[in-house]
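Visitor:
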Amino acid sequence: FDAQLGNISETGLCFLLTGLVDFDPDATHKVEGTIRSRRLPESIVFKGNMVWNRQNSAQGEDQTLCGVHFFEQIDLPHALIALGMSAGEVL
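If you count by this note's numbering, then the sequence shown holds residues 4 to 94, one letter each, in order.
Okay, here's the thing in structure tokens:
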């Protein structure tokens, strides 16, 4: 699925899904993803566990915010740090 990047650090990230998604709070949700942007020289692959999620309504649109903790710390290029601070970038 496509998601928007909320924020990112070396140890995890937050992403935004359009619509309301129900996740079993007692289950472990493993997440694998790729961050792609024309601002990055190459895609960045990550793996981790979803550690939180929250349903939200903003500007009349239902959304689900999710937090992921990476299995291994990643090195962030400066361009990716800037992406994490801008709205609307797609994961």
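Yeah, the Cβ is synthetic: ideal placement off N, Cα and C, and Gly gets one too.
By the 10 Å Cβ neighbour count, where 16 or more other Cβ atoms means buried, how is G51 classified, buried or exposed?
Guide: By the neighbour-count rule (16 or more Cβ atoms within 10 Å), G51 is buried.
Visitor: Quick check on the burial criterion: 16 or more other C-beta atoms within 10 angstroms. Buried or exposed for L8?
Guide: Buried, since its Cβ has 16 or more Cβ neighbours within 10 Å.
Visitor: Quick one, are the C-beta atoms of A6 and L23 less than 8 Å apart?
Guide: No, these two residues do not count as a Cβ contact at 8 Å.
Visitor: Let me check one thing: in DSSP terms, what residues is T21 bridge-paired to?
Guide: Paired residue(s): Q66.
Visitor: Grab me the residues of F4's own chain with a C-beta within less than 8 Å of its C-beta, minus the 5 sequence neighbours each way, in chain order.
Guide: Taken in chain order, the residues that qualify are L20.
Visitor: Count the C-beta pairs between the segment 39-49 and the segment 61-68 that are closer than 8 Å, then say yes if the count reaches three, no if not.
Guide: Contact between the segment 39-49 and the segment 61-68 is absent, because fewer than three Cβ pairs lie under 8 Å.
Visitor: What whole-angstrom Cβ distance do L16 and V54 have, given they're in contact under 8 Å?
Guide: Contact flag wrong, Cβ pair sits at about 11 Å.
Visitor: The beta strand (DSSP E) spanning A6 covers which residue range?
Guide: Run containing A6: none; DSSP gives neither H nor E here.
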